[in-house]
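**Student:** Mind having a look at this structure? Questions to follow.
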Amino acid sequence: MQPIKQIQVSLGDRSYEIMLKAGLLQSLNNILNAFCSNRAALVVTDSNVEPLYGEAIDRIEHCNYSKFVFPAGEKYKTVETVAAICRKAVAAGLDRKSLILALGGGVCGDMAGFAAAVYMRGIDFIQLPTTLLAMVDSSVGGKTGVDLPEGKNLVGAFWQPRLVIIDPETLKTLPVEELRNGLAEVIKYGMIRDWKFFRRLEKNSTGLKQLDLDFYTRIIARCCEIKAEIVSRDEREGGLRAILNYGHTFGHAVESLSNFSIAHGAAVAMGMAAAAELAVLLRKIPGNYAERQNSLLRTLGLPVRIPPGLEPEKIYAAMLHDKKAVGAKVKLVLPVAEGAVAIIDDLDSKLIIRAVRNCCD
Ligand SMILES: NC(=O)c1ccc[n+]([C@@H]2O[C@H](COP(=O)([O-])OP(=O)(O)OC[C@H]3O[C@@H](n4cnc5c(N)ncnc54)[C@H](O)[C@@H]3O)[C@@H](O)[C@H]2O)c1
Ligand SMILES: [Zn+2]
């Protein structure tokens, strides 16, 4: 039997562990023993995840828990749902020593984490991510929050979990499009921080397509290690953490111009293609390096061409509105060597538009 993989996120007295193993949800009762004894807890989950994995929660014996189930989907990641979670917490008798558990994808984790950050001025919370995106990205690092009608993630807090419990078995029920959203982030980690890891993904793309859980467990572990290292060095995105936005400034523009009909992972894949193209135009990387990234993205079913109807000038204008833009200049994360990126801010708008145009169908 594989041992439980443990990864430390080092943040002084806010440090925590990521526990990772296929089938781990079966042992939830034992794992939570140390955390839960005699505490009231609220499990937050969504309407898709509850019927699939709610039963694992029902086996918890050590704490007095209640459940809050919200309708699945980004459109419920709102202050209203957070208010409903907090009111449920009051009704269930949660006090300052109580605990919130987030069982679900990034929407659930962001929202339950934010509720934990503000309920009684902050209580403990535990992440139980069930999407690949949440396992490799959103459950680690302490960014929590909700959307406003004016934009995504405009209200939030940095609030680190006390523990992250990852069971890759839950990926078996995840729709393929959701899996792809996570794979875009997985490839991103290779491009920004670890070329050897990128090459492992290339070599075992069949394992990724066939959901080889052993391989996924190792892949998720490496992504969590990279994210943990970056967050430990720059918790509040003063500098280094911004490299996690690779592909995202272009990607967010594509997402919002498509009225979110293009999925996050697909938009980020197009964004990474555009960023790599810009790096080629700036002679920071050779064309065959950009192609290697794009080829892996394509192999895993992710698009690298921007569909017709999204004009390069409009994409650029939308990038200026993105919160990562400084003044009138866009700051971008661009590849500069195998498995390495740099943050570049003095970019010519014409060149950015040309790079986008080269990626448009
Ligand atoms: N906090 C951060 O650092 C951070 C980082 C990246 C993204 N995010 C946020 O994460 C959110 C996106 O997360 P997501 O992609 O996980 O979306 P999500 O939480 O909406 O999950 C996607 C879909 O999969 C379903 N689902 C979840 N687990 C399942 C499973 N095991 N089997 C079957 N269905 C399952 C959900 O019900 C939902 O319909 C966005 O709101 C984004 O802003 C946050
Ligand atoms: Zn992302």
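Going by this note's numbering, the sequence shown opens with residue 2, and the numbers climb by one from there. Backbone N, C-alpha and C define an ideal beta-carbon position, used for all residues, glycine too.
1. Flag Ser-139 as yes when its Cβ comes closer than 7 Å to any non-hydrogen atom of ligand 1, and as no otherwise.
2. If you draw a straight line from the alpha carbon of Leu-134 to that of Glu-179, how long is it in whole angstroms?
3. Report whether the distance from the Cβ of His-249 to the nearest heavy atom of ligand 2 is below 7 Å.
4. Measuring only the C-alpha atoms, how far is Val-147 from Asp-111?
5. Tell me whether the segment 179-190 and the segment 299-310 touch, counting them as touching only if at least three CB pairs, one residue from each stretch, are closer than 8 Å.
6. Rounded to whole angstroms, what is the Cα-Cα separation between Gly-240 and Ala-338?
7. Please name the residue, chosen from Ala-356, Leu-321, Ile-316, that lies closest to Leu-335 on a Cα-to-Cα basis.
8. Measure the C-alpha to C-alpha separation of Asp-104 and Asp-346 and round it to an integer number of angstroms.
9. Measure the C-alpha to C-alpha separation of Leu-164 and Tyr-54 and round it to an integer number of angstroms.
10. Of the choices Ile-286, Met-273, Arg-97, whose alpha-carbon is the least far from that of Leu-333?
11. Could you have a look at Pro-169 and say whether DSSP puts it in helix, strand or coil?
12. How long is the line joining the alpha carbons of Ile-5 and Ser-296, rounded to whole angstroms?
13. Roughly how far, in whole angstroms, is the beta-carbon of Ile-101 from the beta-carbon of Leu-43, given that I think they are within contact range, below 8 Å?
14. Can you give me the Cβ contacts of Leu-352 inside the same chain, cut-off strictly under 8 Å, excluding the 5 residues immediately before and after it?
15. Find the nearest neighbour of Arg-15 within the set Ser-48, Gln-161, Thr-207, Gly-208, judged by alpha-carbon distance.
16. Comparing C-alpha positions only, which one of Ile-231, Arg-237, Leu-129 sits nearest to Leu-172?
17. Span of the beta strand (DSSP E) holding Leu-245?
18. Using C-beta distances below 7 Å, list every residue in its chain close to Leu-12, excluding the 5 sequence neighbours before and after it, in chain order.
19. Go through its chain and collect everything with a Cβ distance to Pro-308's Cβ below 7 Å, but skip five positions before and after it.
20. DSSP three-state label for Leu-214, please.
21. Skipping 5 residues on each side, what residues in its chain have a beta carbon closer than 8 Å to that of Ser-48?
**Tutor:** Let me lay it out:
1. For Ser-139, the Cβ falls inside the 7 Å cut-off from some heavy atom of ligand 1.
2. The alpha-carbon separation between Leu-134 and Glu-179 amounts to approximately 8 Å.
3. Correct: His-249 has its Cβ closer than 7 Å to ligand 2.
4. If you draw a straight line from the Cα of Val-147 to the Cα of Asp-111, it is about 7 Å long.
5. Result yes; three or more Cβ-Cβ pairs closer than 8 Å.
6. The alpha-carbon atoms of Gly-240 and Ala-338 are separated by roughly 19 Å.
7. It is Ala-356 whose Cα lies nearest to the Cα of Leu-335.
8. Correcting the residue identity first, residue 104 is Leu in this sequence and not Asp. Their backbone Cα atoms lie some 38 Å apart in a straight line.
9. Here the C-alpha atom of Leu-164 lies approximately 18 Å from the C-alpha atom of Tyr-54.
10. Closest by alpha carbon: Met-273.
11. Pro-169 sits in a helix when the DSSP states are folded into three classes.
12. About 33 Å.
13. Confirmed, about 5 Å.
14. Contacts found: Leu-279, Leu-282, Leu-283.
15. Cα-wise, what sits closest to Arg-15 is Gln-161.
16. Leu-172 has its Cα closest to that of Leu-129, out of Ile-231, Arg-237, Leu-129.
17. Note, Leu-245: premise wrong, no beta strand (DSSP E); not H, not E.
18. The answer, listed in chain order, is Gln-161, Ser-233, Glu-236.
19. Excluding residues within five positions, the ones whose Cβ falls inside 7 Å are Asp-362.
20. For Leu-214, the secondary structure class from DSSP, reduced to helix, strand or coil, is helix.
21. Cβ within range, chain order: Val-70, Phe-71, Pro-72, Ala-73.
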